[in-house]
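> Protein chains in written order, with the working numbering: chain A, 1 to 640; chain B, 641 to 1280; chain C, 1281 to 1920. Before we start, here is the structure in question, set down as structure tokens.
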Amino acid sequence: MTTGCAYYPEHWSEERWELDAQLMKEAGLTYVRVGEFAWNKFEPQQGTYDFSWMDKAIDILAAHGLKIVMCTPTPTPPPWLTALHPEICRVREDGVRISTGARRHACANVPAYQTFSRKIVEKIAEHYGQHEAVVGWQIDNEFGCGETTRCYCEHCRAAFHRWLQETYGDLETLNSAWGTQFWGMSYTDWSQIPIPAITTEPQSPSMRLDYRRFSSDSWVNFQKMQIDLLRAYSPQRWLTHNFMIRHWSLDYWKLSQDLDFVSYDNYPHGLRGPAETAMNLDLMWSLKRKPFWIMEQQPGPVNWHPYNPPVPEGQVRLWSHQAYVHGAETVVYFRFRAAPIGQEQYHRGLLKWNGEKDRAFYEAQQFTSEIKALPSLHRIPAKTAIVFDYNDLWSIELEPYNRNFSYWNLVYSIYEAYWQHNIPVEFIPREASDLDHYETIIVPAATLIHPQEIIRWQKWVEDGGHLIITFRSFTRTYSNTSATQELPAGLTNLVGAKVTSFDSVPPDDYHDWYNHRLGKRIRPVDSTFVTFEYKIWAETLQPTTATPLFQYADGLLADHIAITQNSIGSGRVTYLGCWPNDFNELGRALGWLPSQHGQLQEQLLQAPNGRIWQALLNHYEYPIDEVAPFDVQYSQVSDE
Amino acid sequence: MTTGCAYYPEHWSEERWELDAQLMKEAGLTYVRVGEFAWNKFEPQQGTYDFSWMDKAIDILAAHGLKIVMCTPTPTPPPWLTALHPEICRVREDGVRISTGARRHACANVPAYQTFSRKIVEKIAEHYGQHEAVVGWQIDNEFGCGETTRCYCEHCRAAFHRWLQETYGDLETLNSAWGTQFWGMSYTDWSQIPIPAITTEPQSPSMRLDYRRFSSDSWVNFQKMQIDLLRAYSPQRWLTHNFMIRHWSLDYWKLSQDLDFVSYDNYPHGLRGPAETAMNLDLMWSLKRKPFWIMEQQPGPVNWHPYNPPVPEGQVRLWSHQAYVHGAETVVYFRFRAAPIGQEQYHRGLLKWNGEKDRAFYEAQQFTSEIKALPSLHRIPAKTAIVFDYNDLWSIELEPYNRNFSYWNLVYSIYEAYWQHNIPVEFIPREASDLDHYETIIVPAATLIHPQEIIRWQKWVEDGGHLIITFRSFTRTYSNTSATQELPAGLTNLVGAKVTSFDSVPPDDYHDWYNHRLGKRIRPVDSTFVTFEYKIWAETLQPTTATPLFQYADGLLADHIAITQNSIGSGRVTYLGCWPNDFNELGRALGWLPSQHGQLQEQLLQAPNGRIWQALLNHYEYPIDEVAPFDVQYSQVSDE
Amino acid sequence: MTTGCAYYPEHWSEERWELDAQLMKEAGLTYVRVGEFAWNKFEPQQGTYDFSWMDKAIDILAAHGLKIVMCTPTPTPPPWLTALHPEICRVREDGVRISTGARRHACANVPAYQTFSRKIVEKIAEHYGQHEAVVGWQIDNEFGCGETTRCYCEHCRAAFHRWLQETYGDLETLNSAWGTQFWGMSYTDWSQIPIPAITTEPQSPSMRLDYRRFSSDSWVNFQKMQIDLLRAYSPQRWLTHNFMIRHWSLDYWKLSQDLDFVSYDNYPHGLRGPAETAMNLDLMWSLKRKPFWIMEQQPGPVNWHPYNPPVPEGQVRLWSHQAYVHGAETVVYFRFRAAPIGQEQYHRGLLKWNGEKDRAFYEAQQFTSEIKALPSLHRIPAKTAIVFDYNDLWSIELEPYNRNFSYWNLVYSIYEAYWQHNIPVEFIPREASDLDHYETIIVPAATLIHPQEIIRWQKWVEDGGHLIITFRSFTRTYSNTSATQELPAGLTNLVGAKVTSFDSVPPDDYHDWYNHRLGKRIRPVDSTFVTFEYKIWAETLQPTTATPLFQYADGLLADHIAITQNSIGSGRVTYLGCWPNDFNELGRALGWLPSQHGQLQEQLLQAPNGRIWQALLNHYEYPIDEVAPFDVQYSQVSDE
Ligand SMILES: [Zn+2]
Ligand SMILES: [Zn+2]
Ligand SMILES: [Zn+2]
């Protein structure tokens, strides 16, 4: 386990570099990430390259034993380039072309951007590819940051048409898959196909889902172009990219595929609390089922929050430990020193604006020395997996049916229940085929139908697995049209029940129309004493081979079945017909979760010698079970 | 009384059509509406027409005795056409051209759209005009749906200039009528006249009111073009168009004029409850004072609501009965089967996606058989009329003065009071000349001055009528400039009072400025015990010949007169100076409404033999006076 | 002291002018403002001028002894001109060109607008420059009204580049001052520099602050062009411009410089109440430290408020008196008669639409006669000054850090405390050098560093002044980059303390992240009994020579110093580290404010004979200390 920082030698005078390097060493850091916004310094005018300044900076850093993570600077095509090729700048859905002056203004599908990116990456790769101090590469920086994944320019329109041709082959197939006959929109030429744009009524959800896929693929391809160059010029160096919190426009399963490992920028202030931070960390680990880097760790208050709330003492250190116990192998702080220029002046660093140490410096230093004192602890594979899929997320995003239906929130509410009970969880993609090491797999609103998955699940359940599937699963084709079979389409045998109706549940304060309420509560079929509340979505079930577990307790749905369980081979399948207000409560009632949980986060880890360690983290501002506020305790708990 | 459904043979395989026809017959349906979005199937490429598929579908339907309502498919110009003529697509007020891919993307004033629309309508009219199974036509579909009435393209700009030339003749007249000298905007050439567009301060309310008129006229003309063709090619068939709930951008009085009868798409989930549903139904009946069709009846939850709340059992049947007792002669359900493709996949039908019967199938079936068992009952002409006018609505929409002043809400709050007391109401236009069959006419905020109306009212009151006029009436010229006479302009004699001041009443929770309150209450001039609250608008009155009925009870307006009554001949005129919080309360105090009302809706109807029937409808989810929840009872109550 | 009205002869028939003039005299008015929107009447087509109509109107007014304030009509370039030069119309930040049809549609940087403006101003100046009845000029009307100061057209882009060249000389200086290396945005050609435009992440705060300065300067220059012409053609006439309430896009210190005196349009319904009205009036007086005009006085309800609340009887008269006691020497009512045409039909006047006297007529008449009965009273110089600066306002507006941080609100909350205690206040610019007559100077969030100011303050404090400086002062360079020294940068000696941390304080109802609270209260260092709440912003201080006065009382900041006081020479410097919820409370505790205050506004004024008069104003709707609601009492209180 190591630490590092993001450093911008180009922001400071050369005279300062030596002192900065000393301070990095003093903090115990190993890595320095450089260069991701320096295209304008590397190529100050078209075709003129200058690496001398960075060479000097690296020399100084390397002289102190620091290792360099070099970035490709493609997020910020310089002003001379966008002046030469204004078409590089992205276009909004309403046709307005994005201005320069910020970052991530480029569209991945513009030939000029691709050409110039290829050239600068090649030059940098050539220059630093074999540099002794350069140990690895970060490609670009935070693809998609600031809602930049999707562009609506003419180049994207043409690229989308090519993508559709590759995907569907001919127009007849596309017209049929999308159901373009609806509202009479069948296409007789590829060029007629619209991209998402301003209309008063919505455009086809099939087209719009494909545009989301296409846009994500555009950046996967853009990354692949760079990866191919770097593999050629910089062998034996690893390649990574820094992923973001709560990021929904790029398919991270696909984006991570070509990388050696995943990096992640950990900004808990963009999230709901420690459970959602943990969920993002677990997702990062799961993308490649291996240790990942924190490439940017929040070091204090940020600049992009409506209120930029304070960060209590110890919190930055605790965030670092939390990342570590979820599988991060390096924590890089963003940034070394607070910037006195530009758009992030209110973002803190390890040093203050005036160059003095800020609180984060000491916390990073402490974290580094604490972690170095431990053996190299690793995650223990979890027995519980949650399916997470971007196509399902997008399909629901496009047509939530109930304004409050968020796929992410559904996944989170399930994850949170397990997290609170200290049960480790991994995420898996819809395509996951190696399921044997899981005891429980939870499938939240797996909207799109994947026929192969049914076969894999069937076998895994027969062998003893417990599959938990929720409402809204297997209701749509891969083209985002509705299943015309019984629901859940293709799953009725596995579930042992069919869905006879589904309804949106308006929130309690909804009173536009009279008080026709589906009801608010479910109860076990064999008890009228205990009831649980549900929200947002409710399906009624008709069991065939399954056993009813819960039924609706009141309102229009009273007495209809809400939850069933089907035994298959030595396993079972639970189907959840409604969204419980509290997954904890229901999970405990159904025996999925233990009956109690403490307030400390407990994480078990494994040392290289096979022994099991326990980490206890206190995320609260008061002491719990002798763990101080924002503190952590590690101890060995087995000799295995 | 008959029923029907909207059917899209083009969405389903031919093999299914026979079964669908059988199911329609099983439900008892008579009519099938087809074709409104099928331009692309009728004319798959420019100049190539194909009616064979529809011929086949109609053959199957007709073989089961079903009658066809054929639609013209002009709401969805196909992709090949908009690719050929991109200017067909509407332009937003900010200059953004609407994309294709949805529906109603066309501007009524674009020559290419007009030409191609004429051609396809002519072809269809030629082909089906004399078809035995085709009994009538729906022109286009929901003009204005999705805020599409107004377009701001260059063709509209030119057409508006032509419309203005026809309306005003010369620029001097226009400059004078609009008062363009304000802010120095007099025009020396027609081409200088702006259309509504982005500005930071508002544009002329006179220009903007005319643009609303012009935009509405554009679609009336577009419809007329089709009517002329259909009358020629399809004699002895009726022509209709399907109107919408709460639709305010088209002048429905004008749009209905050229049609044989009005149709209406009844989606109660876009409305406040059964009273507003009733108001829309009464408006539809009133447009031509004759029975109308429900061309689309909501069959369950819809897809376009933020929450798409559930629909309780029996509700669809009750909505059908409610339409019937308000004067609908046919109820067509939308749609036969839920669509698995396109933008309305979450909209229910009589059948589910998988082709099984959904709950609405059984309710439609029950409704059909119940209604067929009754004699053909018709509305009894009402003795109470409410004036409803789009120009008044638009004028207030453009300058509400108080953000909460909504013309529609004012009309509704009056209507609701009558509806709750089971007093039948009709709506009349400002131009209505045949007033003799009314005992009471209510005139809510008739903002614009109609001199002829004064003369007609004078006579009708003298003959015994009771005219109730509210605040804000007769305050503006037809060009939306302020009257420079005493208010209500031209009406002071009839009212027997003049308005000495008017004020906006901020809501109770308004506290930007100190607590200078006009006051909140009025009271009878002869009592200090009873007071009623008012809101939004308050005028002080100075009676000449009228008797003061109510005065303000508190605040800055205390003791000023609020309501007057003037006796003229054998009739009287009541002037209401403020907007009562509760029209029920005030209506009862003034003797306009009976002192009590029940919860059941009671509607009296007349059989062909002259006998009077009573329908009792329970809109609630609990039984009332022995009528079950969502149930209806019909009984004969007189032998007249 | 005199009164007047805005009059539009072009809105009324010539026959009416004589009666209007008589009514103006009857009201006691002296001045009539004319012409500001009449470009189209003065120049009905390009190069054709017509002053005859205005000559006639002026003849009639002058015949009644009324004096004319002539306006230049540049706010409304006529339709023929914008048809000829469409590029005159402003462009929004998203690239949409503003339409004609309203007012203030022009961009100050378009050559055609400048040329035609110069021509019409020259013609009018030539014609009326020496006219006997014309006593002064209003240039244009309400620069910036309706958010029109900033335009984003190509002419502005070019002008901004010129402005930058003049300001920075060369690109290296600009790149360095702005810190363009951040996100790699250094410029190699002036034309590459973006203006504010649509991006997904923000553009450089340095560029954006300069664009605010440039935009303000554009109008200052546009005004200067007119001033030069008028000075040449109309000697011995004064020149003014009418400034607005709460106006933040123009630097009023700069805009007032070239004028003879400032005028102000007093619309209290756009403000929070009498204290904010007073603040605007004091700011107007302070701009040139001399009497100003009210060029437009609200005469009753307006048309532009969401609710346009009523105005109680006596309020217009009281507003006039309030303006007078704050230093207005003339009050001009807007407008003489309510307009029946155009966009302001719901705006009241002295006369109603029908030409009858409205309530404001009588109140203006009463005010005029009351004031004429008094000696000519003038303001007494205040001993307390508040620094007010547009650059500080803009810097914070661009990056509030805490969404609730408003520079204006901070200034207001301080001003209000003094106003409530009847302590007179003046505003001074950051550049103010003549400080000797002040005892206290308050410096709210003086964000930008002004080195000269430090020297001036040092001396003034040594001589006995009390300087009160708040949080967030001296934290940024003039280019809006962060200070890299200790904070407050350059002020640590004067303050005798340094800022060791600053934090945003989220509001109480903020719960996105856990409950990490800085705390809510401060207390005197020597007492635990009294505590005061703070909000929005909190800094911790480390005194060097200063004495701690207050410390934080709870939460994460507990025990850190919040307020310090430093003695220097015979003066002192107080530094306020947090934003108190209630400046009254704190001001009293620190001895800045007396311990009590009444509800009447008390203003002391000086007569020409040196004697002191007291004015007592009751802004409430109930009597206070024998002053009736909305009444005022003047009395001589000294013989000095
Ligand atoms: Zn693009
Ligand atoms: Zn158009
Ligand atoms: Zn401009």
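For every residue, glycine included, the Cβ atom is placed at its ideal position computed from N, Cα and C. In this text, all values refer to a predicted model and were calculated from it rather than measured experimentally.
If you count every other CB in all the chains shown that lies within 10 Å of the CB of Lys1336 (chain C), and 16 or more means buried, which is it?
Lys1336 (chain C) should be labelled exposed.
> Go ahead and label Thr470 (chain A) buried or exposed: buried means 16 or more other beta carbons lie within 10 angstroms of its beta carbon, across all protein chains shown.
Looking at its Cβ environment, which holds 16 or more other Cβ atoms inside 10 Å, Thr470 (chain A) is buried.
> Check whether the Cβ of Val32 (chain A) sits closer than 7 Å to any heavy atom of ligand 1, and report yes or no.
No.
> Helix, strand or coil for Met1524 (chain C)? Go by DSSP, reduced to three states.
Note: Met1524 (chain C) maps to coil in three-state DSSP.
> Which same chain residues, not among the five before or five after Trp1034 (chain B), have their C-beta less than 6 Å away from its C-beta?
Cβ within range, chain order: Leu849 and Arg852.
> Which of helix, strand or coil does DSSP assign to Cys785 (chain B)?
Three-state result, Cys785 (chain B): coil.
> How is the beta strand (DSSP E) around Leu1747 (chain C) delimited, first residue to last?
His1746 to Thr1750 is the span of the beta strand (DSSP E), which, as asked, contains Leu1747 (chain C).
> Excluding the five sequence neighbours on either side, which residues of its own chain have a C-beta within less than 6 Å of the C-beta of Lys1138 (chain B), listed in chain order?
Cβ within range, chain order: Glu1126, Thr1132 and Gln1182.
> What are the residues in the segment 650-662 of chain B lying within 9 Å of chain C by C-beta distance?
Taking 9 Å as the Cβ-Cβ cut-off against chain C, none of the residues of the segment 650-662 of chain B qualify.
> Tell me the DSSP secondary structure of Asp1542 (chain C) in three-state form.
According to the sequence displayed, residue 1542 (chain C) carries Val and not Asp. Three-state DSSP puts Val1542 (chain C) in coil, outside helix and strand.
> For ligand 1, I want to know if Val220 (chain A) counts as a neighbour, meaning its beta carbon is within less than 7 Å of at least one of the ligand's heavy atoms.
Outside the cutoff, so no.
> Check each residue's C-beta against every heavy atom of ligand 2 and list, in chain order, those closer than 7 Å.
Those residues are B:Arg730, B:Val731, B:Cys747, B:Asn749, B:Val750, B:Cys791, B:Tyr792, B:Cys793, B:His795 and B:Cys796, given in chain order.
> Quick one: what's Ile60 (chain A) bridged to in DSSP?
None; Ile60 (chain A) has no bridge partner.
> In chain order, what are the residue ranges of uninterrupted beta strand (DSSP E) at least 3 long that sit wholly in the segment 409-497 of chain A?
Counting whole runs of 3 or more residues, the segment 409-497 of chain A contains the beta strand (DSSP E) stretches 425-428, 440-443 and 466-470.
> Determine the closest residue to Thr481 (chain A) out of B:Tyr647, B:Met641, B:His651 and B:Gln832, with distance taken between C-alpha atoms.
Cα-wise, what sits closest to Thr481 (chain A) is B:His651.
> Return yes when at least one heavy atom of ligand 4 lies under 7 Å from the C-beta of Asp1148 (chain B), else no.
The ligand content of the structure shown is limited to ligand 1, ligand 2 and ligand 3, which means ligand 4 is not among them.
> Please identify, using Cβ separations under 9 Å, the residues of the segment 803-831 of chain B that lie next to chain C, in order along the chain.
The segment 803-831 of chain B vs chain C, Cβ under 9 Å: Trp818, Gly819, Thr820, Gln821, Phe822, Trp823, Gly824, Met825, Ser826, Tyr827, Thr828, Asp829 and Ser831.
> Quick check: is the beta carbon of Pro340 (chain A) nearer than 8 Å to any beta carbon in chain C?
So yes, Pro340 (chain A) belongs to the interface.
> Suppose you measure from the CA of Val709 (chain B) to the CA of Phe182 (chain A); what does that come to, to the nearest Å?
If you take the alpha carbons of Val709 (chain B) and Phe182 (chain A), they lie about 19 Å apart.
> Please confirm if the segment 527-547 of chain A is in contact with the segment 574-583 of chain A, defined as three or more CB-CB distances below 8 Å between the two stretches.
In short, these stretches touch, since the Cβ pair count reaches three.
> Could you check where the beta strand (DSSP E) with Glu329 (chain A) kicks off and where it finishes?
Looking at the DSSP string, the run of the beta strand (DSSP E) that includes Glu329 (chain A) is Ala328 to Tyr333.
> Ala1605 (chain C) by DSSP, collapsed to three states: which one?
It should be pointed out that residue 1605 (chain C) corresponds to Val in this sequence rather than to Ala. If DSSP states are grouped into helix, strand and coil, Val1605 (chain C) belongs with the helices.
> Nearest chain A C-beta to Ile1109 (chain B) closer than 8 Å, yes or no?
Not one chain A Cβ lies under 8 Å of Ile1109 (chain B).
> Hey, could you find the ends of the alpha helix (DSSP H) Ser1915 (chain C) is sitting in?
It is not in any alpha helix (DSSP H) - Ser1915 (chain C) instead sits in the beta strand (DSSP E) that spans Val1912 to Gln1916.
> Excluding the five sequence neighbours on either side, which residues of its own chain have a C-beta within less than 7 Å of the C-beta of His1200 (chain B), listed in chain order?
Same-chain partners within the cutoff: Thr1180, Gln1191 and Tyr1192.
> Would you tell me roughly how many angstroms separate the C-alpha atoms of Pro1828 (chain C) and Thr1844 (chain C), rounded to the nearest one?
Those two C-alpha atoms are separated by around 4 Å.
> How would you write the range of the beta strand (DSSP E) that Asn308 (chain A) sits in, first residue to last?
Where Asn308 (chain A) is concerned, there is no enclosing beta strand (DSSP E), given that its DSSP letter is neither H nor E.
> What distance in whole Å lies between the Cβ atoms of Cys793 (chain B) and Cys747 (chain B), which are believed to be in contact at a cut-off of 8 Å?
With 8 Å as the limit, Cys747 (chain B) and Cys793 (chain B) qualify as a contact, their Cβ atoms being about 5 Å apart.
> Can you confirm whether Ala1439 (chain C), when its beta carbon is compared against all beta carbons of chain A, has any partner nearer than 8 Å?
By this cut-off, Ala1439 (chain C) is not an interface position.
> What residues from the segment 1382-1406 of chain C come within 9 Å of chain B, judged by C-beta to C-beta, listed N to C?
Going along the segment 1382-1406 of chain C in chain order, one finds Ala1382, Arg1383, Arg1384 and His1385 with a Cβ nearer than 9 Å to chain B.
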